[in-house]
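Engineer: Going by UniProt numbering, the sequence shown opens with residue 1, and the numbers climb by one from there.
Mind looking over this structure? Questions follow.
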Amino acid sequence: MKFLYQHKQRPIPTTDKNVIVTNCPHCVKLRKNSFAAYLDLQKGTYHCKTCNSKGRFPEFTKTLLKKIESPQHNDFAILSTSNILNGSSNAKNTFTRSQAEIDSYAENLARDESMLEKIESEHHITKKTLQTFGVGITSVNEGTTPCLTFPQTALTYKEDDGGFKMDTVRLKLCDVDNPAHVVQLDPPTSGKESTEGLFGYQTASYTDDTVILTRREFDAMAAHQATGLPAVSIPSSNYQLQESVLPLLDRFTRIYLWLDDDVDGHIAAERFARKIGEHKCLLINTRQGELEGPINAHDALVANKDLHHIVATARGIKHDQIVDFRDLREEVYNEVLHPEQTRGVQSKDLPTLTNITKGHRAGELTILTGPTGAGKTTIISQLSLDYCKSGVPTLWGSFEIMNKRLAKKMLYQFAEKDISLNPKEFDDIADRFEQLPLYFLKFFSSTAISDVLKACHHAVYAYDVRHIVLDNLQFMLSQQGGNSLDKWELQDNAIAEIRNFATQQDVHITLVVHPRKDSGNNEELDIHSIFGSAKVTQEADNVIIIQKSKEDRRSLDIKKNRFDGTLGYVPYEFNKQTFKIHELSPEEQLKVKNEKFKYGSTSIKYKRSK
Numbered sequence: 001m002k003f004l005y006q007h008k009q010r011p012i013p014t015t016d017k018n019v020i021v022t023n024c025p026h027c028v029k030l031r032k033n034s035f036a037a038y039l040d041l042q043k044g045t046y047h048c049k050t051c052n053s054k055g056r057f058p059e060f061t062k063t064l065l066k067k068i069e070s071p072q073h074n075d076f077a078i079l080s081t082s083n084i085l086n087g088s089s090n091a092k093n094t095f096t097r098s099q100a101e102i103d104s105y106a107e108n109l110a111r112d113e114s115m116l117e118k119i120e121s122e123h124h125i126t127k128k129t130l131q132t133f134g135v136g137i138t139s140v141n142e143g144t145t146p147c148l149t150f151p152q153t154a155l156t157y158k159e160d161d162g163g164f165k166m167d168t169v170r171l172k173l174c175d176v177d178n179p180a181h182v183v184q185l186d187p188p189t190s191g192k193e194s195t196e197g198l199f200g201y202q203t204a205s206y207t208d209d210t211v212i213l214t215r216r217e218f219d220a221m222a223a224h225q226a227t228g229l230p231a232v233s234i235p236s237s238n239y240q241l242q243e244s245v246l247p248l249l250d251r252f253t254r255i256y257l258w259l260d261d262d263v264d265g266h267i268a269a270e271r272f273a274r275k276i277g278e279h280k281c282l283l284i285n286t287r288q289g290e291l292e293g294p295i296n297a298h299d300a301l302v303a304n305k306d307l308h309h310i311v312a313t314a315r316g317i318k319h320d321q322i323v324d325f326r327d328l329r330e331e332v333y334n335e336v337l338h339p340e341q342t343r344g345v346q347s348k349d350l351p352t353l354t355n356i357t358k359g360h361r362a363g364e365l366t367i368l369t370g371p372t373g374a375g376k377t378t379i380i381s382q383l384s385l386d387y388c389k390s391g392v393p394t395l396w397g398s399f400e401i402m403n404k405r406l407a408k409k410m411l412y413q414f415a416e417k418d419i420s421l422n423p424k425e426f427d428d429i430a431d432r433f434e435q436l437p438l439y440f441l442k443f444f445s446s447t448a449i450s451d452v453l454k455a456c457h458h459a460v461y462a463y464d465v466r467h468i469v470l471d472n473l474q475f476m477l478s479q480q481g482g483n484s485l486d487k488w489e490l491q492d493n494a495i496a497e498i499r500n501f502a503t504q505q506d507v508h509i510t511l512v513v514h515p516r517k518d519s520g521n522n523e524e525l526d527i528h529s530i531f532g533s534a535k536v537t538q539e540a541d542n543v544i545i546i547q548k549s550k551e552d553r554r555s556l557d558i559k560k561n562r563f564d565g566t567l568g569y570v571p572y573e574f575n576k577q578t579f580k581i582h583e584l585s586p587e588e589q590l591k592v593k594n595e596k597f598k599y600g601s602t603s604i605k606y607k608r609s610k
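Okay, structure coming up:
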């Protein structure tokens, strides 16, 4: 059993105490039901009901090792915020509460009649369903608003008892008035040695082969309550189905993906299906082609829709390289009906940037450049953090600045203050920072582009990363190539590979590139100032230049916007207290007298204030 768990296998029991079921090593990589190997723990033998292979444990383990990659594959190149902030410590990977206290939360909710009535009135979720899912209630701090507790569970084997038990492996505490808002996670972080779980996993019995996978906890409860089918929700509403969770789903032969019926939900559902196995996944569209209506299972329950009928109309996934208009029709319809969903994630820190670019979109390549010392890393750090807080899983590749220094900068920007002035606040801020879907490449300085993209590919698969930041191109390619011609060719090849990766993996890549020359005279830059050949800007969807005038006035100059062609600028100032930039308001801009910026085809003159 220890061998199976070490190699990411999640066996389940059978009616025979000595027999368990797990993946067959002979058909695990094939598109068939591989979760059909019956292992007799007493006799030390196995038999697969799918491919009819049989043998003893030594043969089973030897074949499994050949078919399944080592748990450490490619993980060496990626760090989470927890790794950087806590080092090698596993202290954050254990519960801060006792099991008895966790169990008491469900009992507290069962006795709180007013809260039960509130939940049933607002969410249409019954007391029985809440008890089935183990939902509870508690307060994080005395006197604060109570939180609903959602346990994430997993089936684990107990060596002492020689049997399986459903354990709570993590607890999510959410605002009772806004359950989508996560107040706390316990344990705060999920480490490599910790067991992953899913909310609602206990609703599936040993014999169940079908499950509904949803985005949020209330969606899972609504789906189960209305259909009677087992239902689970992903650990995070950021549309992350991490690689470590996948073994929990191996046992099911049919998985309904019931995510939000919008553009982001459709993209995530297809991505999840590729990870789980397209042959076993069915996609659910809540709106059923209607103009308006509920977009998920919870909304459908509240709107008194027939959830049985919605599930019955789920569709399978066709070959990923062949589509007809019927496949595209609903996606096109959504873009026509809800154009705002295709514009991308909106920046909360820099709304004018959003007004120009319309948003942060997957599948695009953004080039950011600017003079030395203009704050390229500071700005892209802030922007990536902005999108990350909106739920965009982000991977940082910093080839010029050490990860711990970058993480410190981002932590200060997250807190919007100098934490060193009040170190007592560090733990609270760091705990909240760790909850962000943020990861870092361990590479530093010169690194082969093939190695970088191999690690990026793993991050996209394992952590559902949607935004990759590479800072910067010159440092990443330094000391590679022999003569100047080799360097130009090397850079062009790297750009082509990065562009191709962004398109194929449907992720947004932000690439920081130094300008062609930096005289130090605050010369205005244009699109031709970017280092390298024209291929750099030709391949880019967006080109943003940091402009710095002789008077040290600064602005983001959007020189290319492939989405809709809108160009413009965003004047800003750096706030030393928050370590972030902020846009100049129209009033602040008017205070700048008789100042001109000429950015290529863009010429701006601030009006004299009256």
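Think of the CB as a built atom: it goes at the ideal place given N, C-alpha and C, for glycine as much as any other residue.
Mark residue 619 as exposed unless 16 or more other C-beta atoms lie within 10 angstroms of its C-beta, in which case mark it buried.
Structural biologist: The requested residue 619 does not occur in the structure, where the chain is confined to residues 1 to 610.
Engineer: Between V345 and chain D, is there a C-beta pair that is closer than 8 angstroms?
Structural biologist: Absent here is chain D; the protein component of the structure consists of one chain.
Engineer: In its own chain, which residues sit with a C-beta less than 6 angstroms from the C-beta of A269, not counting the 5 before and 5 after it?
Structural biologist: L257, L259, L283
Engineer: Counting only runs that start and end within the stretch 125–162, where is the beta strand (DSSP E) found for 3 or more residues in a row?
Structural biologist: 136–138, 147–158
Engineer: Report back the beta-carbon spacing between E243 and A455 to the nearest angstrom; my notes put them in contact at under 8 angstroms.
Structural biologist: The Cβ separation is near 14 angstroms, so there is no contact.
Engineer: Pairing CB atoms from the stretch 300–310 with CB atoms from the stretch 218–237, are three or more of them under 8 angstroms?
Structural biologist: yes
Engineer: How far does the alpha helix (DSSP H) with F60 in it reach, from first residue to last?
Structural biologist: 57–67
Engineer: Please go through the same chain and pick out, in chain order, the residues whose beta-carbon is closer than 6 angstroms to the beta-carbon of T366, but skip the five residues on each side of it.
Structural biologist: T510, N542
Engineer: For the beta strand (DSSP E) containing Y569, list its first residue and its last residue.
Structural biologist: 568–575
Engineer: Under the rule that 16 or more other beta-carbon atoms within 10 Å means buried, what is G44, buried or exposed?
Structural biologist: exposed
Engineer: Output the distance between the C-alpha atoms of E120 and P230, rounded to the nearest integer angstrom.
Structural biologist: 20 angstroms
Engineer: Going by DSSP, which residues form a beta bridge with P440?
Structural biologist: Checking the displayed sequence, the identity of residue 440 turns out to be Phe instead of Pro. Looking at the DSSP assignment, F440 forms a beta bridge with L79, W396.
Engineer: So T22 is in the beta strand (DSSP E); what residue range does that whole segment cover?
Structural biologist: 19–22
Engineer: With a threshold of 8 angstroms, are at least 3 pairs of Cβ atoms found where one atom belongs to the stretch 563–581 and the other to the stretch 415–434?
Structural biologist: yes
Engineer: Check whether the stretch 104–121 and the stretch 198–208 are in contact - that is, three or more C-beta pairs closer than 8 angstroms.
Structural biologist: no
Engineer: Considering only the beta carbon of each residue, do A314 and D506 sit closer than 8 angstroms?
Structural biologist: no
Engineer: Helix or strand or just coil, what does DSSP make of V302?
Structural biologist: helix
Engineer: Pull up the distance between the alpha-carbon of G293 and that of R287, whole angstroms please.
Structural biologist: 6 angstroms
Engineer: How far does the beta strand (DSSP E) with N542 in it extend, from its first residue to its last?
Structural biologist: N542: member of the beta strand (DSSP E) spanning 542–548, first to last residue.
Engineer: Within the continuous beta strand (DSSP E) that includes K559, where are the two ends?
Structural biologist: 554–561
Engineer: Could you pull the DSSP bridge partners for F199 from this structure?
Structural biologist: Q152, S233
Engineer: Using DSSP with H/G/I as helix, E/B as strand and the rest coil, what is Q242?
Structural biologist: coil
Engineer: With DSSP run on the structure shown, which of helix, strand or coil describes F164?
Structural biologist: strand
Engineer: Where DSSP assigns a beta bridge to H582, which residues make up the other side?
Structural biologist: E573
Engineer: If we ignore side chains and look at the alpha-carbon of each, how far apart do H308 and T129 end up?
Structural biologist: 17 angstroms
Engineer: Tell me the residue span of the alpha helix (DSSP H) that contains R516.
Structural biologist: It is not in any alpha helix (DSSP H) - R516 carries neither H nor E in the DSSP assignment.
Engineer: Would you kindly report the start and end of the unbroken alpha helix (DSSP H) that includes C388?
Structural biologist: 376–389
Engineer: Could you check whether P25 and L64 sit closer than 8 angstroms to each other, using their CB atoms as the reference points?
Structural biologist: yes
Engineer: Can you look up D260 in the DSSP assignment and give me helix, strand or coil?
Structural biologist: coil
Engineer: What residue from N561, S585, V536, P437 has the CA that sits closest to residue 612's CA?
Structural biologist: Outside the shown range of the chain, which is 1 to 610, sits residue 612, and nothing can be said about it.
Engineer: Measure how close the beta-carbons of R10 and L155 come, nearest whole angstrom, since I'm counting them as under 8 angstroms.
Structural biologist: 7 angstroms
Engineer: For the structure I just gave you, are there three or more beta carbon pairs, one from the stretch 388–401 and one from the stretch 457–477, closer than 8 angstroms?
Structural biologist: yes
Engineer: Out of V140, N141, T138, L109, state which residue places its alpha-carbon closest to the alpha-carbon of T126.
Structural biologist: L109
Engineer: Should the stretch 173–184 be regarded as contacting the stretch 130–147, the criterion being three or more beta carbon pairs within less than 8 angstroms?
Structural biologist: In short, these stretches touch, since the Cβ pair count reaches three.
Engineer: Buried or exposed: R215, going by 16 or more other Cβ atoms within 10 Å of its Cβ?
Structural biologist: buried
Engineer: Using the beta-carbon count (16 or more within 10 Å), is K165 buried or exposed?
Structural biologist: exposed
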